[in-house]
Amino acid sequence: MADPNSPTSKSPSIDASLHLNVPSSSTTAFASPSQARVLQLHLDLHNVSKGADSMANYLQKVKSISDALALASTPVSDEDLIIYILCGLGDEYRAFVTSISTRGTSITLADLHGLLLTEEIRAQSALMHLSNASTHTATKPNQPDPNSRPIPQQTPITFSNQTTSTLRPIIP
Numbered sequence: 000m001a002d003p004n005s006p007t008s009k010s011p012s013i014d015a016s017l018h019l020n021v022p023s024s025s026t027t028a029f030a031s032p033s034q035a036r037v038l039q040l041h042l043d044l045h046n047v048s049k050g051a052d053s054m055a056n057y058l059q060k061v062k063s064i065s066d067a068l069a070l071a072s073t074p075v076s077d078e079d080l081i082i083y084i085l086c087g088l089g090d091e092y093r094a095f096v097t098s099i100s101t102r103g104t105s106i107t108l109a110d111l112h113g114l115l116l117t118e119e120i121r122a123q124s125a126l127m128h129l130s131n132a133s134t135h136t137a138t139k140p141n142q143p144d145p146n147s148r149p150i151p152q153q154t155p156i157t158f159s160n161q162t163t164s165t166l167r168p169i170i171p
């Protein structure tokens, strides 16, 4: 039977102090993708836009990126998130962005979230109203407007191509 204390029967062990003092290539290898991932998340946050997404989906995209940055120990301030959110809205939200940007008091993320959802509902309602009005106008038969005055008929004046004749109006 083999002696358990003999050098040949011991399993190889690693000196912990040696392991901690010597930088391993795996530590460097794992640190680089993490830094690259943080950079990519910052770029994603910088480039995020609402596009054709619903407001709820757009805000969820921003939150997901923000949460991922927080998990990577790089949290984004609420003020910066508000700026990213406002910058990612399209031209149809230009007036909204101006009103938020020029208000005298700061806004919280929760308040901005609620206002953006309300603004989306208002814009959709206005668009539906406009669409219904144009459909109603397009299907309405041509009837004279009782409030408008009739336009008097004018007789067009035509000129003869004959050089010897005088110019005369054609009267119906």
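Counting with numbering that gives the first Met the number 0, you get residues 0 to 171 for the letters of the sequence shown.
No residue lacks a Cβ here, since even glycine has one placed at the ideal position from N, Cα and C.
Within 10 angstroms of the Cβ of residue i, are there 16 or more other Cβ atoms? Answer buried if so, exposed if not.
i: residue 124; result: exposed
i: residue 54; result: buried
i: residue 99; result: buried
i: residue 31; result: Unreliable placement is indicated for residue 31, whose pLDDT of 45 sits below 50; the coordinate value is still reported in the next sentence. Residue 31 comes out exposed.
Can you give the Cα-Cα distance for residue i and residue j, rounded to whole angstroms?
i: residue 216; j: residue 131; result: Shown here, the chain extends from 0 to 171; a query on residue 216 therefore has no answer.
i: residue 118; j: residue 73; result: 31 Å
i: residue 110; j: residue 49; result: 18 Å
i: residue 91; j: residue 85; result: 12 Å
i: residue 37; j: residue 128; result: 44 Å
i: residue 67; j: residue 40; result: 8 Å
i: residue 113; j: residue 71; result: 28 Å
i: residue 120; j: residue 126; result: 10 Å
i: residue 33; j: residue 103; result: 40 Å
i: residue 35; j: residue 101; result: 36 Å
i: residue 51; j: residue 75; result: 25 Å
Quick test of your reading: residue i and residue j, contact by CB under 8 Å. State the CB separation rounded to the nearest angstrom.
i: residue 96; j: residue 88; result: 6 Å
i: residue 42; j: residue 65; result: Going by Cβ atoms, the distance from residue 42 to residue 65 rounds to 14 Å, so no, they are not a contact pair.
When you compare the CB positions of residue i and residue j, do they come within less than 8 Å of one another, or not?
i: residue 62; j: residue 47; result: no
Cα-Cα, which of the options is closest to residue i?
i: residue 58; options: 67, 129, 128 and 116; result: 116
i: residue 77; options: 120, 121 and 44; result: 44
i: residue 122; options: 93, 35, 75 and 83; result: 93
i: residue 106; options: 82, 126 and 120; result: 82
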